[in-house]
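Sequences listed follow chains L, A and X, in order. Counting from 457, one number per residue, gives the positions in the first sequence under the numbering used here. Counting from 457, one number per residue, gives the positions in the second sequence under the numbering used here. Counting from 457, one number per residue, gives the positions in the third sequence under the numbering used here. Note that CB positions come from ideal geometry on N, CA and C, so glycine has one too.
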Amino acid sequence: MRDLGVCYYPEQWDKVLWKQDAERMAEAGLSWVRIGEFSWSRLEPEAGNLHWDWLDDAIECLGSAGLKIILGTPTATPPRWMLDKYPDMLAVDEQGNKRKFGSRRHYCFSHEGYRDESKRIADLMGRRYGTNPHIAAWQIDNEYGCHDTILSYSDAARKAFQIWLKQRYIHIEALNEAWGNVFWSMDYEEFGQIDLPNLTVTEPNPAHCLAFRRFSSDQVVSYNQAQAQILRRHSQAPLIHNYMGRITEFDHYAVGKDLDIASWDSYPIGFLSDRLEAEPEHKKRFLRQGDPDFQAFHHDLYRTVGKGRWWVMEQQPGPVNWAPYNPAPLPGMVRLWSWEAFAHGAQTVCYFRWRQAPFAQEQMHSGLLRPDGEAAQGLYEACQVAKELDDLQKKQSLAPIQAQKNKVALLFDYVSQWAWDIQPQGADFDYFRLTFEAYKALRQLGLSIDIVPPDADLSDYALILAPGLLTLDDVKHETIKGTSLYGPRSGLKTKDLSIALPLGPNLADLECKVVMSESLPSSADQELSVGGAITGWLEHLETDAPVHIATKEGHPIMVGKEGQYYLAGWPDEQGWQAILSELCQQAGLAVTAMPQGVRQCQNQGLRFLFNYNDHPVSFDGITLPAAGVHWQS
Amino acid sequence: MRDLGVCYYPEQWDKVLWKQDAERMAEAGLSWVRIGEFSWSRLEPEAGNLHWDWLDDAIECLGSAGLKIILGTPTATPPRWMLDKYPDMLAVDEQGNKRKFGSRRHYCFSHEGYRDESKRIADLMGRRYGTNPHIAAWQIDNEYGCHDTILSYSDAARKAFQIWLKQRYIHIEALNEAWGNVFWSMDYEEFGQIDLPNLTVTEPNPAHCLAFRRFSSDQVVSYNQAQAQILRRHSQAPLIHNYMGRITEFDHYAVGKDLDIASWDSYPIGFLSDRLEAEPEHKKRFLRQGDPDFQAFHHDLYRTVGKGRWWVMEQQPGPVNWAPYNPAPLPGMVRLWSWEAFAHGAQTVCYFRWRQAPFAQEQMHSGLLRPDGEAAQGLYEACQVAKELDDLQKKQSLAPIQAQKNKVALLFDYVSQWAWDIQPQGADFDYFRLTFEAYKALRQLGLSIDIVPPDADLSDYALILAPGLLTLDDVKHETIKGTSLYGPRSGLKTKDLSIALPLGPNLADLECKVVMSESLPSSADQELSVGGAITGWLEHLETDAPVHIATKEGHPIMVGKEGQYYLAGWPDEQGWQAILSELCQQAGLAVTAMPQGVRQCQNQGLRFLFNYNDHPVSFDGITLPAAGVHWQS
Amino acid sequence: MRDLGVCYYPEQWDKVLWKQDAERMAEAGLSWVRIGEFSWSRLEPEAGNLHWDWLDDAIECLGSAGLKIILGTPTATPPRWMLDKYPDMLAVDEQGNKRKFGSRRHYCFSHEGYRDESKRIADLMGRRYGTNPHIAAWQIDNEYGCHDTILSYSDAARKAFQIWLKQRYIHIEALNEAWGNVFWSMDYEEFGQIDLPNLTVTEPNPAHCLAFRRFSSDQVVSYNQAQAQILRRHSQAPLIHNYMGRITEFDHYAVGKDLDIASWDSYPIGFLSDRLEAEPEHKKRFLRQGDPDFQAFHHDLYRTVGKGRWWVMEQQPGPVNWAPYNPAPLPGMVRLWSWEAFAHGAQTVCYFRWRQAPFAQEQMHSGLLRPDGEAAQGLYEACQVAKELDDLQKKQSLAPIQAQKNKVALLFDYVSQWAWDIQPQGADFDYFRLTFEAYKALRQLGLSIDIVPPDADLSDYALILAPGLLTLDDVKHETIKGTSLYGPRSGLKTKDLSIALPLGPNLADLECKVVMSESLPSSADQELSVGGAITGWLEHLETDAPVHIATKEGHPIMVGKEGQYYLAGWPDEQGWQAILSELCQQAGLAVTAMPQGVRQCQNQGLRFLFNYNDHPVSFDGITLPAAGVHWQS
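Written out as structure tokens, the structure is:
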């Protein structure tokens, strides 16, 4: 069963509006309402003085209208009095400045006092509402990592980091050895000497940085886990966190293990403007529609993070306030985005937010309603989706996508992101971009993809792509039956970010060493003989494996045999098409050259088509209007 | 009577030069000399030890040569010993760093100790020179706001801000309500918890920011007022401050209320290079002349700030030292700039400075004399202006411009600048630029303009433009008899920077709501059917008023009736011409399409023409040489 | 005798590798090995506990293989325990942040405690190895100034600066007068009031800044001198420091006076990408070769710094890790770079480093060996150079270049760099770039050049260029017999960075004053009548000297007579060619128009030709392959 919901803030509105709002939500076909996640100052206006009444009433009012409630723990917004208790709870930025009260996410994950407060409020909420029949799910905190809040250079973080290091390396000599601290006399005599890797004279040891990144991610995991454990004591309802787009500073797979459902906040137009490298022409073309693959990438990623159960917790309903430019969606796009989520297996899509707030930071962020309570464009489209969902589900059940694995796997690894952030070697090297371009290339061939962690069981996949992996140590090669492609820059390092010896990638069946890597400006692209080019990153191989693709100058780019291949450079869009066409043929995968801006997704017998263009497109006998969605058996 | 003057620093020169300098000034036709404003360390070399002798002598020497003296209080440059007394008097930047001694303006407006010192030195100077016959005017401090000195994040500022907030909101609940602090649990329990809005995790509450901006402006007003009140006790001479160009961090109208004359420091070439957004082609064209409208805008603005009495206190005489590039003015431009000021009603134009200092920060800033005392180009042109002024005033008196109001009013509001600085919503949105482009469009049509505050009496104006006003609450609609145009983005918010409800602009006679605003990159310009385009900002209206101008796609842009119009987007240059042509016709204003780089100004029967081009232009039967000025009855 | 060497880190490798490494070095034809300069934490793992054994063994092992050893003092990398002893020894950046432990160069030159520690370790090493027969040279510290480490805003620096000022100015009144502190009331009452010139409200007094720059340079000189004096007590071996490319924050001539040999670290590809202003087309053309003049400039500079004895201590052998992009050298370039050094008189060229380290900051920096110990491209080319050197020296001795002075002198002055850094007046003005462009223009005419300090004996030179000198006070005009060209911006200021009076340049035989200077954007280039243009900087002269070159508009650019000329602007490439052609003719110097990317160097009867292009070039009857080197008698 797929359904819709909305985010709502009863504490922000006069109580007289609640009932009417609840009824309008239900009428619109919404089933879920998320509340509470920023309400701490109203739940506990002064330390220890709890005000449950309003929340009791709100839950009753919404629940009575037939809505299922997702109740959020409010730990992303500690009240002002918390700082009187813990003046040192604030995170510290890389420059050493305290990140002050006055917005949100003003806490350091390593601060024990604040952890205790978070557990306390979760416990109080769990006790009060854990068995409330209207509470159908819980959200813990909100958008971990938003506003660059994973890395903190506070005293609390430093002390916790030292303990973490001691647990990982046991002896300081082991750490010195693993990090290569002999280089530049960086040896430590004891763990208590190790500072956080900011404000050093020149770049700190990459091993030091990677340890700090692993530690910082682990802090998020344990912070989240602590609330999860408490809520489970009081409630059977599923636990959710709402992740964000292209936040890579913590390991989402690891956080996801402690939760029941993954959800994410999908703002296609804001992301296009703010979080995507793309040519100006591309950004102009999709200005009011968002990138055709960015949402799908996250849908496919969070499906895995949620072990098959995933939602969109916040769906953009109109212009937002936080991107450099904030245009309105092309009419029809709110519907399209919703359907793209369902096509990828989403259980629920919630819109953010019900009524636009006329005050504070997000006053220019639209809602389904205007600030004056009139319906905005988003509401009309949400109603349409609700109706269409209803019609479709009458005809056919849409099982969760996890029941049906796709045939293509793309490995995505947070640690690799951190490693290449720390040591890009070339100014443009970015792991997410590399992976996303591979994903986009697959989508341009009409394929449906699973995004999986490096240690996934790969036995069901006909084609496996593993670009840019720090190490291949965790890859379950023994499960692989399909065609696999590694590289560029896969398996060349150790987990402590040293160069692997013997030189990588050290694939069992492929004699191949990367003996030198070059980073190149875009002016030095290397053309491929099959069309397209290598751009930005080029490796030199020592191999006796057959060369399948080379540059026009004869530099080997794709080598391998028997279904195992290595890619020695970063292909451009055309290069990816040439490479993937060859691989798909080998893997026995049928491909479809999708028209520009049109995408498809297969889901249990249904084929969905999406037109991200602002003009109609005819394809495969179907004419898709601008922002059009089409599904067929 | 219009006249000329110069800025002079007797303390910087050997006393033997004073007499000769004074005589040369008088010979050159200069009537005024400004002195003293940076001389504190020589007036009071150690705390409490006053050295008046040299200043007594300098005043006597200059006065004896027939020069009228403007005496400056030296509070922009506290001596080094002041810091021993008040180590916490320094302003603090947004990053939390103290802004140290070693240049100028090193004080926080909120520091009580420094305020007392400022009053003390003003009192001492007032007592000594208040009735000196040579002291014909006073300047208080120097260039408030220069070097980004209005906003300070010091402890003194924080404490003063809390007091200010308490005075404004009385109860903390009222503040929480007005700011919408329920959003993100930002509620306060008491005023003492409220910090300054810097270094927050993500953007602070815009209401918090706007309050801080209002407070910071008020601190300047009260700081200036304190000195003004003291000087008035001792002297009948008029009080002046010298404002700068495009400094918008404090409310100049409010400061101006406590003074008798407004003056400003006009550096056309430096401003073009450093303070003006413009196409490279425009900057190249006017490299040695300055923008044709930038000075005029400030002349028209400061005429209002000075309630009709205004000066140029510092006129650029040659290359300066502080812009990215510092070319020499085209020969004739120093004369042109001087005359443009007089055409706009200036009483006095003073050149900065007499002799170029060979030392310290401004050694590469030219003067009327070279560092070796020889005449520089500026002196020749100043002499010519003196002579021309004399000739003209023999024929005709030039009454102050305030006697004759112009027919066009442009509303300019400092609070709106702060509001949109805080919440631009689109990366390019800038209030000054919006207003300045409207002004430039009016000038291109040959119109003479008054720039007035939002609460001005508008009864004399045939055409009133009010773009970008935060609120319309203070606009005296009842005084309006002419044609008025509001928007874009006018009247959509409250004074606490929330969205106005009902949705704005809430014009009495115009049914029109802005229901959605879009910010757009320049690649998404919307062409108008009348020519030109909307660029960067586009509003969606709910209105039944007639649509006068729309985009080619039919999106309403200018709507209204009976002389009251709303503009739902930011027009480009051609768009403004189309809009204004239509409005002027309605308003019964004759317009003249001015040739590129040529401007005119009407003043009491005289029509002045200015050629900002570096080549001659023939216009209206007159041939203006490069940098040419022409006047006729 | 010219020879080769390599940098080696025995402490980074298992002891079993040492012998084999030493033998391979010797086999490759390398004579020298540099060790020890980053090994402090292994020499003294805890304070006072010295571990000499491993170093004893390493020296014995390398020496036994016939290698001469350069032993480095490890003071660029103080161990972690040093900070427990001296928490305040860290440098402080301009923003006031401590520059923390975790990389290298984490010390403030002004910290007395750390100076003592540096002397202590130098003394200990000198005592132990001063007479060891394998120790054939010493390196003190490593790359002074790398990572922006000359300027420190620490308390230690402030206190030392005050003492330095007192020694220089004796009386505070003298300092106030020299700096022009009367301007903006910046007068001091005592030296203890003078802070470092960072974090001021607007720019600090340029005289204050220049004093701080002179002081900071002096601190490097005295720091280095202290170690030099100690090592001389224990050893007869020559003392060396390895300077970097385009580091100008300290006076290398002054440091060089205390040492026996100058050396520098030459990374042509990294420098092209990271430290050279050039058109994208130029950077693309020489992407894998480096700029054709950048290395030569430093060779000619450091030859003077070393009083004729100079080395390349670190020669790039393959891709590096630290530039924005890190391509591999074109095959042959390692050889070419080595020969260019010898052609300019280098005694020894050492490659950095022997084996690529698989760990820590520089793991992506290639060596002569790959991380797995196999030979990399660099090793093959080093072997070839060794063989060629051997062959050539069998035929002919290559005496040190200082025996034969070149005929062209270019004056290069560190103080001028500081002065124009402080007061560029135009956004693009950079002293190094000005000087380097003059040097490049001379090389394009096939000339061999000496780069000398302003106070050099100039009697041997037929042509002397002195662009951009702060003052001409130290120039030994009396020694000049050849043709000399001063300017632009030469001799216009005093040593305290005030404008010189009478106005400069104050050349004895040339009546010429610069009465105004203009800085211009590139859009305002002034074309010369002889071809080319003046770009960025234009001076106005008062002179009765003959005008040799003028702009098309008649503005005098090169004036002078009887072999003494002044240049009143910054020429572009074509402009320099026109100017130099005329001067060389006067000076009786034959010139050769070199093809693009081809350079020559004369050295004691040998003429070397270098082809920096990636394609063959025929020139003067010789066909040079890509990356080709040619020499002939």
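Just to confirm, are X:M481 and X:A521 a CB contact at a threshold of 8 angstroms?
Residue mapping note: residue 481 of chain X aligns to position 25 of the third sequence, counting from 1. Residue mapping note: residue 521 of chain X aligns to position 65 of the third sequence, counting from 1. Going by C-beta atoms, X:M481 is nearer than 8 angstroms to X:A521.
What number of angstroms, rounded off, separates the C-alpha of X:F798 from the C-alpha of X:Y1068?
Position 342 of the third sequence, counted from the start, is the residue given in the question as residue 798 of chain X. Position 612 of the third sequence, counted from the start, is the residue given in the question as residue 1068 of chain X. Approximately 16 angstroms, taken between the alpha carbons.
Please tell me whether X:I1098 has its Cβ less than 8 angstroms away from any Cβ of chain A.
For residue 1098 of chain X there is no data in the structure shown, the boundaries of chain X being 457 and 1089.
Chain L partners of A:D643, CB-CB under 8 angstroms?
Locating residue 643 of chain A in the second sequence gives position 187, counting from the first residue. The answer, in chain order, is S497, R498, P501, P535, R536.
Look at the Cβ atom of A:I703, then the Cβ atom of A:W767, and state whether they are nearer than 8 angstroms.
Numbered from 1 along the second sequence, position 247 holds the residue referred to as residue 703 of chain A. Numbered from 1 along the second sequence, position 311 holds the residue referred to as residue 767 of chain A. No, these two residues do not count as a Cβ contact at 8 angstroms.
Going along chain X, which residues have a C-beta under 8 angstroms from L:T656?
The count along the first sequence starts at 1 and reaches residue 656 of chain L at position 200. Near L:T656 (Cβ distances below 8 angstroms), the residues of chain X are R555, K556, F557, G558, S559, H562.
Go through its chain and collect everything with a Cβ distance to L:T935's Cβ below 7 angstroms, but skip five positions before and after it.
Counted from its first residue, the first sequence places residue 935 of chain L at position 479. Closer than 7 angstroms at the Cβ level, and outside the excluded window around L:T935, lie D913, L914, S915.
Specify, as a first and last residue, the run of the beta strand (DSSP E) that A:K969 falls within.
Against the second sequence, residue 969 of chain A aligns to sequence position 513. A:K969 -> beta strand (DSSP E) spans 966-975.
Cβ of A:F639 less than 8 angstroms from any chain L Cβ?
Counting from 1 along the second sequence, the entry for residue 639 of chain A is found at position 183. Yes, A:F639 counts as interfacial toward chain L.
Whose C-beta lies closer than 8 angstroms to the C-beta of X:I577 among residues of the same chain, with five residues either side of it excluded?
Here residue 577 of chain X refers to the residue found at position 121 when the third sequence is read from its first residue. W496, L499, E500, T529, P530, T531, listed in sequence order.
With a threshold of 8 angstroms on Cβ separation, who are the neighbours of L:D749 within its own chain once the five nearest residues in sequence on each side are excluded?
As a first step, residue 749 of chain L must be located in the first sequence, where it is residue number 293. Contacts found: F892, Y895, K896, R899, R1055.
Member of X:P736, X:N777, X:I525, X:Q772 whose CA lies at the smallest distance from the CA of X:G788:
What you label residue 788 of chain X is simply residue 332 of the third sequence in a count that begins at 1. When only C-alpha atoms are compared, the closest one is X:Q772.
A:H996 to A:S973 span [Cα, whole Å]
Numbered from its first residue, the second sequence carries residue 996 of chain A at position 540. Numbered from its first residue, the second sequence carries residue 973 of chain A at position 517. Answer to the nearest angstrom: the Cα atoms are 6 angstroms apart.
I need the straight-line Cα distance from L:G1010 to L:H1004, nearest angstrom please.
Locating residue 1010 of chain L in the first sequence gives position 554, counting from the first residue. Locating residue 1004 of chain L in the first sequence gives position 548, counting from the first residue. In a straight line, the C-alpha of L:G1010 is about 11 angstroms away from that of L:H1004.
Could you name the residues of the stretch 832-853 of chain A whose beta carbon sits closer than 9 angstroms to any beta carbon of chain L, in the order they occur along the chain?
none
Cross-chain neighbours of L:A813 in chain A, by beta carbon under 8 angstroms
The sequence position of residue 813 of chain L within the first sequence is 357, counting from 1. Going along chain A in sequence order, the residues near L:A813 (Cβ under 8 angstroms) are G636, F639.
If distances are taken between C-alpha atoms only, which option among A:G938, A:H603, A:H738, A:D906 comes closest to X:S979?
Here the question's residue 979 of chain X lines up with position 523 in the third sequence. For X:S979, the nearest C-alpha among the options comes from A:H738.
Taking the continuous alpha helix (DSSP H) assigned at X:F1064, which residues delimit it?
Locating residue 1064 of chain X in the third sequence gives position 608, counting from the first residue. Element bounds for X:F1064: not the alpha helix (DSSP H) but the beta strand (DSSP E), 1062-1067.
Spatial neighbours of A:W1032 within its chain, please: C-beta separation below 6 angstroms, excluding the five flanking residues on both sides.
Within the second sequence, numbered from 1, the residue matching residue 1032 of chain A stands at position 576. Around A:W1032: A897.
Please confirm if L:Q819 has its CB atom under 8 angstroms from at least one CB of chain A.
Here the question's residue 819 of chain L lines up with position 363 in the first sequence. Taking Cβ atoms only, chain A reaches closer than 8 angstroms to L:Q819, which makes this a yes.
Quick check on the burial criterion: 16 or more other C-beta atoms within 10 angstroms. Buried or exposed for X:R583?
In the third sequence, residue 583 of chain X corresponds to position 127, counting from 1. Exposed is the call here.
If we ignore side chains and look at the alpha-carbon of each, how far apart do X:P923 and X:R614 end up?
Numbered from 1 along the third sequence, position 467 holds the residue referred to as residue 923 of chain X. Numbered from 1 along the third sequence, position 158 holds the residue referred to as residue 614 of chain X. If I take the Cα positions, the gap works out to 33 angstroms.
Short Cβ contact (8 angstroms threshold) for A:L984 with A:T999
Counting from one through the second sequence, the residue named residue 984 of chain A turns up at place 528. Counting from one through the second sequence, the residue named residue 999 of chain A turns up at place 543. Contact flag unset, no.
With a threshold of 8 angstroms between beta-carbons, can X:L546 be considered close to chain A, or not?
Locating residue 546 of chain X in the third sequence gives position 90, where the first residue counts as 1. By this cut-off, X:L546 is not an interface position.
On the three-state DSSP scale, how would you describe L:G1053?
By one-based count along the first sequence, residue 1053 of chain L stands at place 597. L:G1053 falls in the coil class under three-state DSSP.
Cβ shell of L:L926 (< 6 angstroms), same chain only, five flanking positions each side left out
Taking the first residue of the first sequence as position 1, residue 926 of chain L is located at position 470. Once the five neighbours on either side are set aside, the close Cβ partners of L:L926 are V871, S872, A875, K949.
Nonlocal neighbours in the same chain, by C-beta distance under 7 angstroms from A:E830, ignoring five residues either side:
Position 374 of the second sequence, counted from the first residue, corresponds to residue 830 of chain A. Closer than 7 angstroms at Cβ, skipping near neighbours: no residue.
Beta-carbon neighbours of A:H603, restricted to chain X and to distances below 7 angstroms:
One-based indexing of the second sequence puts residue 603 of chain A at position 147. In chain order: V657, T658.
Alpha-carbon spacing of X:N862 relative to X:K713, whole angstroms
The sequence position of residue 862 of chain X within the third sequence is 406, counting from 1. The sequence position of residue 713 of chain X within the third sequence is 257, counting from 1. Distance between the alpha carbons of X:N862 and X:K713: 22 angstroms.
Can you tell me the Cα-Cα spacing of A:W510 and A:E467, whole angstroms?
For the purposes of this step, residue 510 of chain A is taken as the residue at position 54 of the second sequence. For the purposes of this step, residue 467 of chain A is taken as the residue at position 11 of the second sequence. A:W510 and A:E467: Cα-Cα distance of roughly 8 angstroms.
Near L:N777, which residues of its chain fall below 6 angstroms by C-beta distance, leaving aside the five closest residues on each side in sequence?
Start at 1 with the first residue of the first sequence, and residue 777 of chain L comes out as number 321. Answer for L:N777: E818, M820, H821, listed in chain order.
Less than 8 angstroms between the beta carbons of A:I596 and A:Q683, yes or no?
One-based indexing of the second sequence puts residue 596 of chain A at position 140. One-based indexing of the second sequence puts residue 683 of chain A at position 227. It is a contact, given that the beta carbons lie within the stated cut-off.
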